[in-house]
Each structure stands twice: as C-alpha cells, then as structure tokens.
Amino acid sequence: LLPVPARAPPQAPFRFSPRRLRCPREHELLEDGDIHRHLYLQDILVSVTQVTEKPKVSEFSCHIAGCCQVFDTLEGYEHHYNTLHRNVCSFCKRSFPSGHLLDIHILEWHDSLFQIMAEKQSMYQCLVQGCVEKFKSSKDRKDHLVTVHLYPSDFRFDRPKKAKSSTKHSKSPLLQNASMPVDIKTFEQPQVDSMEISPVENMENASQPLSSLISLPPEKHLNRSRIPSTICFGQGAARGFKSMRKKI
Amino acid sequence: MVCCLQSVIVLFVALRKARKQQQLISKRLLREDTQNGEGKAGMEIPTDPLSEQEVLQLLRDTQKGTEERKKSLSCLRQALQHKETQQKFVRLEGSMRVLIGLFTSSLADVQMEAAHCLHELSHSSDPAVAEACLPATSYLLTYLSGHSIEFTSPHEAVLEGLGYVLSQLLQAKEASIEIIPLVLDSALPQHMLQLVCSNLELGMGVAVEFAWCLHYVVCSCVNNALLISQGIMSTLVLLLLELASMVSKAVADGLELLICPVLRCLSNLLAEEMEGCNMQVQDERLLVALFTFMQYFLNHHLFIVQECLWLLNNLTADEPFFCSAMLTLDLIPALLQLLPCSRMVALLVLTVLCNIAEKGCAYCQQLHQKAVLSSLISILTLSDAEVAGQCLELLHLLFLHWPEAAADFFTQAGLQALEQHQHHPELQERVRALMNLATQPTAASPCSLVSSAAVPSSLP
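Next comes the structure, spelled out in structure tokens:
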C-alpha cells in the first residue's frame, strides 16, 4: 500500500473532495440501465404469452394405489410424485413436501415422549428452517409464523386433538376448526399443486394415540411425509381470503 | 397483526395508484399483446364484461384438464381487463384460492397465465379487489421464505414470475414504509441472495429478477445496515467475480441484466459508509472484474460502463486500498481509454482519477508516469464546462503533490489548453490558479524527498 498523508481540505478556488455517491431509484445515472431493464421485461412479457408447443405425450396416471392424478408431461408427474408420495407418514398417511416437515410431524404427532416433555418446556419448533425459536404451544408457534415469517393468518394449523365431526364435510381435513366455517360446495377441489396437500386416504378421526413410544421398523421409518397436516397452503389460504374479507 | 394487515391494505390501494402513474410500460404491453391476439380457436377478445355466470364457468374450466385449463386461463386473463369482471371474480367463493393454486402449479404455462391474471387484478383501483389480492402478497412472500427452494425446472418459471411480481411491488412509493420492512424482518433477503447467486447457467431469469428485487430494497435505504451485517457485500463481490469469468469466456448473453443490479447494490451499500463494510469488499480482483465488464460491454451497453465507474468511485473515494491496486494492476491506461466515450463517462473517469490523486504524492507520481497528462490535455481541449472543471481539479491535485507534473504539462502545450477556458465564469478562477504555476519555478514537493523504496514500481 502506498503511503497516504492525512487528508486536507481542498485549497480554494479548487473544491474537489472524494465522496462516495449514493444513487436513489430516480437518479439520472441509473436511467439508461432502467430503460434497458424495461425493454427486457417487454420482451419477456410478450414472449411468455406465446404458448410453447410441447411434444405431445399421451396421458398417463400416477401408479400409486388410490391416487388418480393424470399427467401429460414427465416433469408434471415428477413434481407430483415428489410432493405427494415421496414423504408419507407411515402412521397416518399424510404426505409432506419435505423431510424436515415430516420429521417435525412425526415428532409432534406420533411421539408420546414429546407430549410429556411439552408440558414442561418449549417443544414446538418453528417450521422455517434456520429459525431456532421454540414455543410452548402450537398456537404460539402459529402466531410466530404469522407475525415473523408472514404466513397468512388463516393458514390451517393444528387439528385439535379431539376431531370434531361434521356431516357436511366428512372428507375434508379443513373442517376440524369450527371457528372457520367454509362452504366448499361452490367449487370442486382444485387439482393439487406443489403447496397444497389434501390427504387422499381416509382421515383418522379418532384422537391421537398416546401409546408408548413405538420404535418403528427401519423400512417404515423411511416413508416420510412432506407437509404436516398442521399446515395447509392452498386450502387454508383460500379460507383465509374469505375470512379476511369478512373481518375487514 | 391487525394493524399490519390494515396497513398492507392501504398499501395495495395506494399501489394501484402508484402503478397507474409509473410502470406504464408493462401495463401497456399486456394490453398490446392481448390486442395482437393469440389466434386461439374459438376465443374472441371480449369487448364487454362477462356475466357472473360466465366468470364462474371460466373459473371451473381452469380446473379441468391441461389444454382446457390453459385456454380458460387465457380467456380469464383477457376478461379480467374489465373492472366489472374483476369485481365479479373476487366475489366468487374461493376464486383467489384457485388462482393462487394455479400460480403455484407444476406446469409452467399454467403458472405464467395465472401470473398474468394476478397481474391484471393487481391493476385494479377497486378497494374490494385490492382486499382480495392482499393475502396473495403474504402468501407469495411465504412461498418464498417458508421453504428451501429446490431448483428444478418446473419451479424455474414460477420463481421467475414471483421475482418479477415482487420486483414490481418493491418499486411502489409506499413500499419503503410498508413492504420493505417486512421483507427485511424475514429470511427473505437471504433467500433472494441465494437465488441471485446459484444456478446461473440454468436459472438466469430467476437470478435477474431477484437481483432487481435486492436493488430496490437496497436503494430504498430502509435498513442497509442489517443487510451489511449479514455479509451481503462479500457475497455480491464473489458473484461479480464469477460473472466476470463468464464474461471473459464470452458466455455472456444478457448478463448485463444481472450485472447491473448487483453493481448498484454494492455501490449503494458502500455509500452507507458503515464500519466494516470496506473489509467485505477488499479484493483487488474486483477491479479486474469491473474492467472486464467495461471492456466487454463498451460498444453495446454503455450504461454498464457508467455503473462500473460509479462503483469504482465508491471504492476509491476513501480507502487507499483500491487506489493502490489501480496502480499496481496497471489499470490506469484502460481507464484513460474510456474518456472519449461520453460526457457522463468522462466525468466519472476524471472523478476516479481525482480520488487517486488526492491520496498524495506517491499516487500522483505514478499517475504522471502513466501518461495521464496527454489524455487530460486532449479532453480539456474538447470538453464542456463541467468536464473541463473536473479536469482542472485533477490537474490541481497532480501539480500540488507532484510538481514535476506541472513542468511537464506546460512543455506539452498545456497552457494553450487552459487558455481556452480562461474566460468561462465557472472555470476562470481555477484556470488562472493553474496558469500561475507556469510562471513559477518548480518547487520540490516534500514527497519527492521520500526515498524511492517507498514507491513500488508498477508491475508490468
């Protein structure tokens, strides 16, 4: 590094002094780059509307027993399989989008030791990976997810331990929470997507078994579910939209 | 939480207004491409708004098989240009849920059409429509921050669409009050940074969108200290190095769209002048990267040269590290070659040279050795007042710290170049101050007495 004398103020009539420049959004220096960005977006928006002709594959269906989803692309099938079938809880057959969420589900739902420990300490961990917070109850965790991680407040979180049966909605997992009535007659269930899990198999309506810890045979343990039933994206969000309209 | 929601509603309503004033290009485009027509059989562009029953039917059709779905979505998008149709749509039970579901589907075409529908809705000035769209914002943010995002090609299109939507939201006037603080509070910046830096060969579109998102967050100056403390600057420097290596291999199609926002982030973050932010960038390879970009994009995208020079100014203004590196890496000739490009570029080049010269005599001596003077004399002769003024500042610094340069200047007919400007009101004082030096004997500057061992010679 070359030696630098102490900085002196400029000698009149000269006035230069080195200065870092900040450019807010409308600064003239950014104008040309912004124009280029607009032109790029122009191209994109126009080209996106041109439907790309994909080579046609005849439709095929998912080979998992009980799943009636139909596809015409391998990508679509791959995505569906990863979302719904790769991580399935061996206890209750719910599917989950990640091993992480499956692990949490198994811990909180099928581990009696968890329930015991939860009485004494904060055991409900935040679902967002990288966040180390833990909570005394799933409600507290829900509040945290909504406040800090911006989950919609009407996400369907825990099913209460005693399942509330309702004749109208006996097939949907949504209905357990009586405070959020939903009229789902208007639409058919939309096709499930990456964020939305509707368990295909029968819902277990009995209260959770609080039997002693079950040690699973290894192969069962490998069946891992993705989304905990405590989280419901598409369906819960829709109910959220409706509820929010009514509140406000 | 309630007041947060309410404020986001206010934001959405205001967003509509803001977007009507700005961003007219993207809105105009969506209209244009609809009018060009897609030529799909049996689909006419509706001139009248649809009835409630028709909207309901369309929505049901979007849940059927693939081909029907795409057509129906496209119809829906066109229909949603009408305010009345928008209102009917949001009143339908579960309509937003369906649209969001389609937006996150695994089929890229469906995603994009759904994105267009959402985009259409987002243009509404009707508070009821805004209210219905409101949860979509938090859902979108959740979609990004709630999961570790795997980079598979079905996801690529939706991620790019999400990044685009977010980049639009972040530009609203109220964004700095309402949305950006929420974004900064979440893990979103780290996710965005991840998306900017990874899978460049496959996911350039995604990286571009999220880089622009980062730029809008940074230039709003809501909480750049937080971002700096999370180490964003060193990540961006490494990214620039990688991009420079791609450029040097000529694998650079469209790369300027990614380079530009990254440069801007770094420059604005440096302008925060935070403790420790200098350390995050002190890598002289960054200079090589900047000059690689400038050389490559000189002929077709001059704005990249401008923005690289802005960053160069912020790097050289205070810290001698980069001033030294400019000399030892022998980048001064390349810098001088940029002088004729444009007025703005010339101003920035001269400012950077002033930054270097201001550091003292060892630096001025080296600048002199790099034949700065002849370039200055040419530019002085050709230029407008502002560029000439910056030239004069530079000459003053050079002569102040390294008087030998003054003598040299006058033997190269510098006096005539000065005389040209001696009557200009903005320049005359400074011109005369410099002209006086022509008549004075060359004083030995204190630093010329410094032993030459302290002044490393430049590397070839």
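Quick note, the sequences are listed as chains A and B, same order. Note that our numbering has the first sequence beginning at 90, numbered continuously upward. Note that our numbering has the second sequence beginning at 2, numbered continuously upward. Here a beta-carbon is modelled for each residue, glycine too, at the ideal position from N, C-alpha and C.
DSSP state of residue i mapped onto helix, strand, coil
i: lysine 28(B); result: Legend: pLDDT at lysine 28(B) = 39, less than 50; position of this residue unreliable, value from coordinates given subsequently. If DSSP states are grouped into helix, strand and coil, lysine 28(B) belongs with the helices.
i: lysine 209(A); result: coil
i: phenylalanine 211(B); result: helix
i: serine 106(A); result: coil
i: phenylalanine 411(B); result: helix
i: leucine 264(A); result: Any reading at leucine 264(A) needs caution, since the residue's pLDDT is 30, under 50, leaving its predicted position unreliable; the model's value is listed next. In the structure shown, leucine 264(A) sits in a helix (DSSP, three-state: H, G or I).
i: serine 230(B); result: helix
i: asparagine 279(B); result: helix
i: proline 94(A); result: coil
i: histidine 83(B); result: coil
i: leucine 190(A); result: helix
i: asparagine 356(B); result: helix
i: proline 182(B); result: helix
i: histidine 116(A); result: coil
i: asparagine 224(B); result: coil
i: glutamate 273(B); result: coil
i: alanine 101(A); result: coil
Proximity test, Cβ basis, 7 Å: residue i and chain A
i: isoleucine 46(B); result: A caution first: isoleucine 46(B) carries a pLDDT of 46, below 50, which makes its placement in the model unreliable, though a value can still be read off. Chain A, which has no Cβ nearer than 7 Å to the Cβ of isoleucine 46(B), makes this no.
i: serine 325(B); result: yes
i: histidine 369(B); result: no
i: lysine 89(B); result: no
i: asparagine 1(B); result: This structure gives no information on residue 1(B), because the portion of chain B shown stretches from 2 to 461.
i: glutamate 430(B); result: yes
i: leucine 271(B); result: yes
i: glutamate 359(B); result: yes
i: proline 472(B); result: Here chain B has residues from 2 to 461 only, and residue 472(B) is not among them.
i: histidine 397(B); result: yes
i: asparagine 314(B); result: yes
i: cysteine 220(B); result: yes
i: alanine 414(B); result: no
i: alanine 318(B); result: yes
i: alanine 434(B); result: yes
Beta-carbon neighbours of residue i, restricted to chain A and to distances below 7 Å
i: glutamate 1(B); result: What the structure shows of chain B is the stretch from 2 to 461, and residue 1(B) is not part of that stretch, so it cannot be assessed.
i: leucine 299(B); result: Near leucine 299(B) there are no residues of chain A at all, since even the closest Cβ is about 14 Å away, more than 7 Å.
i: leucine 183(B); result: Leu239
Any C-beta of chain B under 7 Å from that of residue i
i: histidine 152(A); result: no
i: arginine 114(A); result: yes
i: proline 98(A); result: no
i: leucine 191(A); result: no
i: leucine 91(A); result: yes
Residue burial classification, residue i (beta-carbon count within 10 angstroms, cutoff 16)
i: serine 73(B); result: buried
i: methionine 295(B); result: buried
i: leucine 271(B); result: buried
i: valine 184(B); result: buried
i: glutamine 1(B); result: No answer is possible for residue 1(B): the residues shown for chain B start at 2 and end at 461.
i: cysteine 157(A); result: exposed
i: arginine 344(B); result: exposed
i: isoleucine 180(B); result: buried
i: glutamate 193(B); result: Residue 193(B) is actually methionine in this sequence, not glutamate. Flag for methionine 193(B) reads buried.
i: arginine 98(B); result: buried
i: lysine 260(A); result: With a pLDDT of 35 at lysine 260(A), under the threshold of 50, the modelled position of that residue is not reliable, and no figure is offered here.
i: methionine 327(B); result: buried
i: alanine 97(A); result: exposed
Interface residues of chain B facing residue i [CB-CB closer than 8 Å]
i: histidine 125(A); result: Glu257, Leu258, Cys261, His302 and Phe304
i: aspartate 121(A); result: Leu303, Phe304 and Gln307
i: leucine 118(A); result: Gln307, Glu308, Trp311 and Met345
Contacts of residue i in chain B (Cβ-Cβ under 9 Å)
i: tyrosine 129(A); result: Val209, Gly255 and Leu258
Beta-bridge partners of residue i, as assigned by DSSP
i: glutamine 214(A); result: Lys223(A)
i: phenylalanine 149(A); result: Phe160(A)
i: serine 184(A); result: Val177(A)
Amino acids of chain A, ordered along the chain, whose beta-carbon sits closer than 9 Å to that of residue i
i: serine 268(B); result: Arg109, Leu110, Arg111 and Cys112
i: tyrosine 364(B); result: Leu91 and Val93
i: leucine 227(B); result: Residues of chain A passing the Cβ test: none, with the nearest at roughly 15 Å.
i: glutamate 85(B); result: Here the premise fails: no neighbours, minimum Cβ distance about 18 Å.
i: arginine 265(B); result: Cys112, Leu119 and Gly122
i: tryptophan 213(B); result: Arg126
i: glutamate 274(B); result: Arg109
Residue i CB to nearest heavy atom of the ligand HEM below 6 Å
i: arginine 344(B); result: Looking for the ligand HEM in the displayed structure turns up nothing, as the structure carries no ligands at all.
Cross-chain neighbours of residue i in chain B, by beta carbon under 7 Å
i: glycine 219(A); result: Ala188
Chain A contact residues for residue i, given Cβ-Cβ distances below 8 Å
i: cysteine 355(B); result: Phe105 and Pro107
i: glutamate 387(B); result: Within chain A, no residue comes near glutamate 387(B); the closest Cβ sits about 13 Å away, beyond 8 Å.
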